[in-house]
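Peer 1:
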Amino acid sequence: SMFRGYLGQEERYRKCFAGDYYLTGDLVRRDAEGYFWFVGRVDDLIKSAGHLIGPFEVESILMEHPAVAEAGVIGKPDPVAGEVVKAFVLLKPGFGESESLRMELLGHARKRLGAVVAPKEIAFVSTLPRTRSGKILRRLLKTRELGLPEGDTSVLDDSG
Numbered sequence: 001s002m003f004r005g006y007l008g009q010e011e012r013y014r015k016c017f018a019g020d021y022y023l024t025g026d027l028v029r030r031d032a033e034g035y036f037w038f039v040g041r042v043d044d045l046i047k048s049a050g051h052l053i054g055p056f057e058v059e060s061i062l063m064e065h066p067a068v069a070e071a072g073v074i075g076k077p078d079p080v081a082g083e084v085v086k087a088f089v090l091l092k093p094g095f096g097e098s099e100s101l102r103m104e105l106l107g108h109a110r111k112r113l114g115a116v117v118a119p120k121e122i123a124f125v126s127t128l129p130r131t132r133s134g135k136i137l138r139r140l141l142k143t144r145e146l147g148l149p150e151g152d153t154s155v156l157d158d159s160g
């Protein structure tokens, strides 16, 4: 069954439909063989210098590096590009934060993703904020980066 609307937000409800089709907010791409690949959520997209960047793609590439346990990616406001990609990286045990590792991760991402999509900044963190279901809260990463009030954090996992 389908809900009939958002209370007091008729326009928001209407934007969720294209004819009879419900728009989930998920962004996918179709490859040359016809397979669909998840890119990210439309509301998480980073708009940088005219390019739309899915944080999931950047996070996945960073996590291919042997030193990276997890990564969270946001768009950080930039006066020239609109936003630049900033990554928050949680290292695996046995790896320490260093400028040489930061540069290695930036190089790894640029090689795999290209200069436009790769992060411009990497911050090492000891934890990433998560929902109780384990999803990284990019919204909270961005809020903290910008020094804004965190708002409702009731969905946070208490260990994050």
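If you're matching positions, the sequence shown starts at 1 in this note's numbering and goes up one per residue.
Glycine included, C-beta positions come from ideal geometry on N, C-alpha and C.
Since the structure is predicted, the reported quantities are computational estimates derived from the model, not experimental observations.
1) From VAL80 to ALA49, what distance separates their C-alpha atoms?
2) So what does GLU70 bridge to, in DSSP terms?
3) Looking at LEU45 and LEU52, is the spacing between their C-beta atoms short of 8 Å?
4) Given this structure, state the Cα-to-Cα distance separating PRO129 from SER100, to the nearest angstrom.
5) In this structure, does DSSP put ALA75 in helix, strand or coil?
6) Under 6 Å Cβ to Cβ from ALA161, same chain only, skipping five residues before and after it: list those, please.
7) Can you tell me which of the three DSSP states GLY160 falls into?
8) Our contact map puts PRO55 next to ARG139 with C-beta atoms below 8 Å; I'd like the distance itself, whole angstroms only.
9) Taking GLU83 as the reference, which of GLY107, GLU145, TYR13 and ARG12 has the closest Cα?
10) Roughly how far, in whole angstroms, is the beta-carbon of ALA109 from the beta-carbon of ALA123, given that I think they are within contact range, below 8 Å?
11) Out of GLY151, LEU106, VAL116 and PRO93, state which residue places its alpha-carbon closest to the alpha-carbon of SER126.
12) Could you pull the DSSP bridge partners for HIS51 from this structure?
13) According to DSSP, is PHE36 part of a helix, a strand, or is it coil?
14) Distance, Cα to Cα, ASP26 vs SER98?
15) What is the DSSP secondary structure of VAL58, counted as helix, strand or coil?
16) Report the rounded CA-to-CA distance for CYS16 versus LEU23, giving the unit in angstroms.
Peer 2: Put simply:
1) In this structure, the straight-line span from the alpha carbon of VAL80 to that of ALA49 is close to 8 Å.
2) Per DSSP, LEU90.
3) Contact flag set, yes.
4) PRO129 and SER100: Cα-Cα distance of roughly 26 Å.
5) One detail in the question is off: residue 75 reads as Gly in this sequence, not Ala. It is a strand residue.
6) Nothing in the structure corresponds to residue 161, since the chain is present only between 1 and 160.
7) For GLY160, the pLDDT reaches just 45, beneath the cut-off of 50, and the residue's location in the model is therefore unreliable, leaving the point undetermined.
8) PRO55 to ARG139, Cβ: 11 Å. No contact.
9) Minimum Cα distance to GLU83 is reached at GLU145.
10) With 8 Å as the limit, ALA109 and ALA123 do not qualify as a contact, their Cβ atoms being about 14 Å apart.
11) The residue with the shortest Cα to Cα distance from SER126 is PRO93.
12) BP columns for HIS51 point to SER48.
13) In this structure, PHE36 counts as strand in the three-state DSSP scheme.
14) Separation of ASP26 and SER98 (C-alpha to C-alpha, rounded to the nearest whole angstrom) is 35 Å.
15) Helix.
16) CYS16 and LEU23 have their C-alpha atoms roughly 5 Å apart.
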